[in-house]
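There are 2 protein chains.
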Amino acid sequence: MGHQMAYQSLTRTFQRLHHFAHLGAIASWDQAAMMPAKGNEARAAAQAELQVLMHQLITAPELAQQLRSAEQENLDEAQRASLREMCREWRQANLLPSELVEAKTLAASRCEHAWRSQRKNNDWQGFLPNFREVLRLAREEAALLAEANGVSRYDALLDKYEPGMRSAEIARIFDDVKSWLPGLIERARAKQAGETVIRPQGPFPVERQRELGLEAMKLLGFDFDGGRLDVSTHPFCGGVPEDVRITTRYRDDDFAQSLMGIVHETGHARYEQGLPRDLLSLPVGRARSMGIHESQSLSFEMQLGCSRGFLQLLAPMLRRHFGDQPAFDADNLAKLFTRVEPGYIRVDADELCYPAHVILRFEIERALIDGEIEAEDVPALWDEKMMAYLGVDTRGNYRDGCLQDIHWTDTFGYFPSYTLGAMYAAQYFATMRRAEPGLDDKIGRGELEPVFGWLRENIWSQGSRWSTDELVRRATGEALTPAHYRAHLEARYLG
Amino acid sequence: MGHQMAYQSLTRTFQRLHHFAHLGAIASWDQAAMMPAKGNEARAAAQAELQVLMHQLITAPELAQQLRSAEQENLDEAQRASLREMCREWRQANLLPSELVEAKTLAASRCEHAWRSQRKNNDWQGFLPNFREVLRLAREEAALLAEANGVSRYDALLDKYEPGMRSAEIARIFDDVKSWLPGLIERARAKQAGETVIRPQGPFPVERQRELGLEAMKLLGFDFDGGRLDVSTHPFCGGVPEDVRITTRYRDDDFAQSLMGIVHETGHARYEQGLPRDLLSLPVGRARSMGIHESQSLSFEMQLGCSRGFLQLLAPMLRRHFGDQPAFDADNLAKLFTRVEPGYIRVDADELCYPAHVILRFEIERALIDGEIEAEDVPALWDEKMMAYLGVDTRGNYRDGCLQDIHWTDTFGYFPSYTLGAMYAAQYFATMRRAEPGLDDKIGRGELEPVFGWLRENIWSQGSRWSTDELVRRATGEALTPAHYRAHLEARYLG
Numbered sequence: 001m002g003h004q005m006a007y008q009s010l011t012r013t014f015q016r017l018h019h020f021a022h023l024g025a026i027a028s029w030d031q032a033a034m035m036p037a038k039g040n041e042a043r044a045a046a047q048a049e050l051q052v053l054m055h056q057l058i059t060a061p062e063l064a065q066q067l068r069s070a071e072q073e074n075l076d077e078a079q080r081a082s083l084r085e086m087c088r089e090w091r092q093a094n095l096l097p098s099e100l101v102e103a104k105t106l107a108a109s110r111c112e113h114a115w116r117s118q119r120k121n122n123d124w125q126g127f128l129p130n131f132r133e134v135l136r137l138a139r140e141e142a143a144l145l146a147e148a149n150g151v152s153r154y155d156a157l158l159d160k161y162e163p164g165m166r167s168a169e170i171a172r173i174f175d176d177v178k179s180w181l182p183g184l185i186e187r188a189r190a191k192q193a194g195e196t197v198i199r200p201q202g203p204f205p206v207e208r209q210r211e212l213g214l215e216a217m218k219l220l221g222f223d224f225d226g227g228r229l230d231v232s233t234h235p236f237c238g239g240v241p242e243d244v245r246i247t248t249r250y251r252d253d254d255f256a257q258s259l260m261g262i263v264h265e266t267g268h269a270r271y272e273q274g275l276p277r278d279l280l281s282l283p284v285g286r287a288r289s290m291g292i293h294e295s296q297s298l299s300f301e302m303q304l305g306c307s308r309g310f311l312q313l314l315a316p317m318l319r320r321h322f323g324d325q326p327a328f329d330a331d332n333l334a335k336l337f338t339r340v341e342p343g344y345i346r347v348d349a350d351e352l353c354y355p356a357h358v359i360l361r362f363e364i365e366r367a368l369i370d371g372e373i374e375a376e377d378v379p380a381l382w383d384e385k386m387m388a389y390l391g392v393d394t395r396g397n398y399r400d401g402c403l404q405d406i407h408w409t410d411t412f413g414y415f416p417s418y419t420l421g422a423m424y425a426a427q428y429f430a431t432m433r434r435a436e437p438g439l440d441d442k443i444g445r446g447e448l449e450p451v452f453g454w455l456r457e458n459i460w461s462q463g464s465r466w467s468t469d470e471l472v473r474r475a476t477g478e479a480l481t482p483a484h485y486r487a488h489l490e491a492r493y494l495g
Numbered sequence: 001m002g003h004q005m006a007y008q009s010l011t012r013t014f015q016r017l018h019h020f021a022h023l024g025a026i027a028s029w030d031q032a033a034m035m036p037a038k039g040n041e042a043r044a045a046a047q048a049e050l051q052v053l054m055h056q057l058i059t060a061p062e063l064a065q066q067l068r069s070a071e072q073e074n075l076d077e078a079q080r081a082s083l084r085e086m087c088r089e090w091r092q093a094n095l096l097p098s099e100l101v102e103a104k105t106l107a108a109s110r111c112e113h114a115w116r117s118q119r120k121n122n123d124w125q126g127f128l129p130n131f132r133e134v135l136r137l138a139r140e141e142a143a144l145l146a147e148a149n150g151v152s153r154y155d156a157l158l159d160k161y162e163p164g165m166r167s168a169e170i171a172r173i174f175d176d177v178k179s180w181l182p183g184l185i186e187r188a189r190a191k192q193a194g195e196t197v198i199r200p201q202g203p204f205p206v207e208r209q210r211e212l213g214l215e216a217m218k219l220l221g222f223d224f225d226g227g228r229l230d231v232s233t234h235p236f237c238g239g240v241p242e243d244v245r246i247t248t249r250y251r252d253d254d255f256a257q258s259l260m261g262i263v264h265e266t267g268h269a270r271y272e273q274g275l276p277r278d279l280l281s282l283p284v285g286r287a288r289s290m291g292i293h294e295s296q297s298l299s300f301e302m303q304l305g306c307s308r309g310f311l312q313l314l315a316p317m318l319r320r321h322f323g324d325q326p327a328f329d330a331d332n333l334a335k336l337f338t339r340v341e342p343g344y345i346r347v348d349a350d351e352l353c354y355p356a357h358v359i360l361r362f363e364i365e366r367a368l369i370d371g372e373i374e375a376e377d378v379p380a381l382w383d384e385k386m387m388a389y390l391g392v393d394t395r396g397n398y399r400d401g402c403l404q405d406i407h408w409t410d411t412f413g414y415f416p417s418y419t420l421g422a423m424y425a426a427q428y429f430a431t432m433r434r435a436e437p438g439l440d441d442k443i444g445r446g447e448l449e450p451v452f453g454w455l456r457e458n459i460w461s462q463g464s465r466w467s468t469d470e471l472v473r474r475a476t477g478e479a480l481t482p483a484h485y486r487a488h489l490e491a492r493y494l495g
């Protein structure tokens with residue numbers, strides 16, 4: 001390669017940021033999974049200091065010039081992609097004045113802290129003033145990003161989590177889903193009404209659940225030399241690609257939540273463990289988007305984990321860890337894990353009802369950011385949409401309605417990623433099955449490498465080299481095509 | 001207070017360093033207690049980046065002027081002490097050229113890495129070239145520090161771990177110990193030859209050992225809301241004062257090593273947990289010296305933990321966790337925990353033989369650094385002193401002789417701290433018993449607060465406010481007085 005002074009200098013800066021981010025990631029994992037209560041204040045101060053340092057590094061004045069100079073340098077295609085992602089990360093960090101970042105952090109923290117008791121007390125009126133301030137600042141951020149990026153305000157926030165995605169496209173997709181989802185839910189429930197499902201009988205000792213979870217992770221190819229399983233209140237996938245830390249939580253009356261949570265987080269983990277090793281210190285070596293990340297966890301949990309083949313593998317594992325029960329029959333497990341029951345709470349929702357929760361949130365947050373509605377309009381819209389999409393009455397029940405999630409105390413534009421991820425996952429598996437018609441038989445025999453190999457080659461090893469759209473086209477031969485998602489749901493719930 | 005611009009600016013810099021050190025400490029603990037193998041390379045790179053950053057901060061050119069200006073500011077006594085410790089930390093970091101620091105790190109890493117197999121292979125000749133280089137660099141460091149601090153070369157290294165202590169003083173103390181220790185060991189062994197000791201019968205399941213350890217920590221006042229117990233290959237006390245992480249290791253054929261290790265580390269931990277909370281971010285709020293730190297672990301392990309009173313508390317705990325055994329009788333435990341058996345290995349040495357191992361190392365490392373002997377002279381001196389102090393023949397046995405410790409691959413001047421700590425601990429307990437003649441009865445009844453209260457008030461809460469000498473004088477009414485140590489050993493082993 002020719003003269004690349006600016007590019008190499010940028011590479012060094014992003015490596016430094018990568019090293020500091022490593023320490024922050026491990027400290028965050030520790031905070032959630034290991035840290036005793038009294039460590040909190042000192043940890044928060046240390047993490048804040050690290051954030052200040054990293055913000056200083058990425059907003060250093062010389063970077064602007066270096067990014068411009070690097071554009072003129074003799075870079076190969078991979079380096080061009082790397083530079084594009086550096087630019088993206090730099091723009092995200094440099095477009096916002098630090099006073100706005102600080103005001104957002106403070107408002108979010110205040111709103112979140114008060115929300116903890118307000119949710120319990122069903123206190124929407126108490127929540128509203130804090131929420132108005134959070135919304136005001138989010139609109140300010142959106143306006144700044146929108147102007148710089150030449151997109152609408154909501155799209156500017158969406159772009160943080162789904163680079164290149166636009167809300168018009170999402171609205172088009174979600175409108176289609178809305179046209180068939182309520183009917184599908186109704187038919188699935190009618191079908192399931194005549195079925196007998198045997199509930200597993202607990203207790204399920206936590207230590208055995210942990211052993212089962214570890215066995216499932218092993219089956220799913222998690223590399224234990226490069227990661228761990230621990231416990232935290234809110235399960236997550238954290239750590240660093242070289243050392244991925246996933247967590248779960250256990251209830252001794254229910255093994256399924258913990259087990260399928262582990263399967264889900266293992267999908268996230270394998271994405272991280274499979275990222276291109278030689279590029280990990282650069283933005284181009286990281287996961288493509290939140291939707292693509294979710295497509296990995298949902299590939300593992302919904303496409304693979306709830307498939308008949310996988311449940312055939314699971315049945316003897318359950319018997320080995322918990323003793324024999326009629327509920328552990330693979331047919332029964334399939335019924336159990338695909339039970340459709342509309343309810344209030346997104347995180348408890350089944351596969352079929354989940355997108356309704358997401359679409360509702362997308363429509364409300366988009367209208368909020370674009371200024372079509374105000375904070376006080378949320379409950380009425382919530383009630384209306386919950387009734388329309390799920391037939392659930394949430395009037396006056398803020399606790400289980402618009403106060404249930406934590407996202408809007410500081411994040412707008414994230415919700416679509418959940419359902420985009422489910423759609424991508426369905427599209428991957430449709431592609432895999434076309435290429436390998438006997439795939440499901442192989443899964444049932446415990447031969448999972450065809451699935452892992454496809455994901456490794458097409459998604460994990462690609463990092464952020466391509467745009468999301470190009471990544472998906474290269475992997476599946478077509479752009480995002482929600483028809484695969486509908487076909488998957490219809491096959492599973494009506495088939 | 002008047003104008004304190006420089007002092008306040010220094011305070012902010014040391015707070016930043018404190019926050020970064022927090023992340024480094026948690027990452028180090030994680031590396032030893034949690035991290036899977038493949039995380040190592042990325043972790044090492046992240047930690048190295050942090051070290052570079054912290055070195056930049058403490059060697060920033062403006063600090064020299066700020067430290068001079070602060071001297072002229074209107075500071076109260078506590079701030080003066082704080083400034084003194086800032087100066088001390090600044091000097092340690094600024095006296096050495098960064099090329100020397102780097103060369104030392106590389107040489108130490110090379111020496112340590114090769115040592116792992118050389119020790120196994122009894123390969124002193126293989127070790128020697130690396131050791132010569134390590135020694136050369138240590139002498140270079142010592143010369144620079146000695147010149148700047150106006151002390152001898154070995155004293156300059158000693159001062160890093162024992163601020164204010166001089167090797168002439170240590171030599172005087174150790175010469176005295178040498179005059180009575182071999183005879184005391186002989187008499188103790190003669191006395192013990194006629195005793196019957198019942199060995200505990202294992203196995204001792206690891207999970208029960210862990211529960212016993214946690215119970216011992218609770219009894220010893222460890223604050224579990226501000227710390228944890230985990231497992232690592234080499235037990236240590238790490239983390240941060242607000243969140244102290246101690247570790248142990250378990251063997252299922254021996255509970256004593258893990259249990260007394262936990263008691264030892266809990267002593268270190270309570271020192272950290274008891275440091276002045278409002279000063280933790282400043283050097284003056286940290287532990288005074290390695291010797292004082294060791295005096296806390298040995299106060300817990302040797303003075304308290306092996307006392308008759310404490311063993312009376314331990315006996316029913318052992319029975320509860322492992323079932324009844326004649327070996328768990330308090331009289332038998334006392335014999336078991338004070339068994340004297342000269343051997344090759346320092347870390348396995350009993351309380352009475354331990355100082356001989358330390359004195360030998362002190363004499364050799366002092367002569368090495370001061371240039372009186374060369375690297376190749378070590379084995380002969382080792383053989384001679386092991387025979388003289390412990391009657392142990394190490395000729396040709398480098399593996400269990402001068403190759404047994406890791407310290408000399410990068411650290412000289414640390415060994416005296418171990419025995420100074422034992423002496424301080426004996427002096428504290430002599431002081432406590434004078435003030436409270438019924439102390440041992442109280443300990444036997446589980447009333448340990450008199451011990452903790454004395455240590456908290458006199459040692460823990462004082463941080464680095466006073467010099468070591470003044471700290472010990474204020475606590476015990478006299479300077480370091482090794483006679484208390486001798487009296488303690490004679491009472492325990494001949495009484």
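Residue numbers (my numbering), protein chains in the order written: chain A, 1 to 495; chain B, 1 to 495.
Every residue gets a Cβ at the ideal spot worked out from N, C-alpha and C, and that includes glycine.
Note that the structure is predicted; figures quoted are calculated from it, not measured.
Could you pull out every residue in the same chain whose Cβ sits closer than 6 Å to the Cβ of residue i, ignoring the five residues on either side in sequence?
i               : result
I170 of chain B : P416
F328 of chain A : A315, L318 and R319
P276 of chain B : G285, S461 and G463
R251 of chain B : none
For the putative contact between residue i and residue j, defined by C-beta atoms under 8 Å, what is the C-beta separation to the nearest angstrom?
i               : j               : result
L368 of chain B : L135 of chain B : 6 Å
D440 of chain A : R308 of chain A : 7 Å
R88 of chain B  : V197 of chain B : 47 Å between Cβ atoms; not a contact.
Can you find the residues in the same chain that come closer than 7 Å, C-beta to C-beta, to residue i, ignoring five residues on each side of it along the sequence?
i               : result
V284 of chain A : A81, S82, E85, G463, S464 and R465
A491 of chain B : none
Q79 of chain A  : Y7
A356 of chain B : L181, Y389 and L390
T269 of chain A : Correcting the residue type first, residue 269 of chain A is Ala in the shown sequence and not Thr. These residues qualify, in order along the chain: F222, G227, C237, V244 and I246.
Taking C-beta to C-beta, are residue i and residue j nearer than 9 Å?
i               : j               : result
M290 of chain A : G421 of chain A : yes
A188 of chain A : T266 of chain A : no
I112 of chain B : I406 of chain B : The residue asked about is misnamed: residue 112 of chain B is Glu in this sequence, not Ile. It is a contact, given that the beta carbons lie within the stated cut-off.
Y424 of chain A : I292 of chain A : yes
F310 of chain B : G444 of chain B : yes
S179 of chain A : F362 of chain A : no
A32 of chain A  : L50 of chain A  : no
What ranges does the alpha helix (DSSP H) occupy inside the region 86-166 of chain B, keeping only unbroken runs of at least 4 residues that lie completely in it?
98-120, 124-149 and 153-161
Residues of the region 54-78 of chain A in Cβ contact with chain B at a cutoff of 9 Å, in chain order, please.
none
When Cβ atoms are compared, which residues of the region 26-40 of chain B fall closer than 8 Å to chain A?
If the cut-off is 8 Å between Cβ atoms, the region 26-40 of chain B has I26, A27, D30, M34, M35, P36, A37, K38 and G39 near chain A.
Residue ranges of each beta strand (DSSP E) run of no fewer than 3 residues wholly in the region 193-280 of chain B, ordered along the chain?
Counting whole runs of 3 or more residues, the region 193-280 of chain B contains the beta strand (DSSP E) stretches 227-231, 237-240 and 243-248.
Residues of the region 197-231 of chain B in Cβ contact with chain A at a cutoff of 8 Å, in chain order, please.
D223, F224, D225, G226, G227 and R228
Given a limit of 9 Å on CB to CB distance, which residues of the region 186-197 of chain B reach chain A?
none
Name the residues in the region 233-261 of chain B whose C-beta lies less than 7 Å from a C-beta of chain A; which are they?
V240, E242 and D243
Residues of the region 265-297 of chain B whose Cβ lies closer than 8 Å to any Cβ of chain A, in chain order
L280
Return the chain-ordered ranges of every alpha helix (DSSP H) run that is complete within the region 25-75 of chain B and spans a minimum of 4 residues.
40-58 and 62-71
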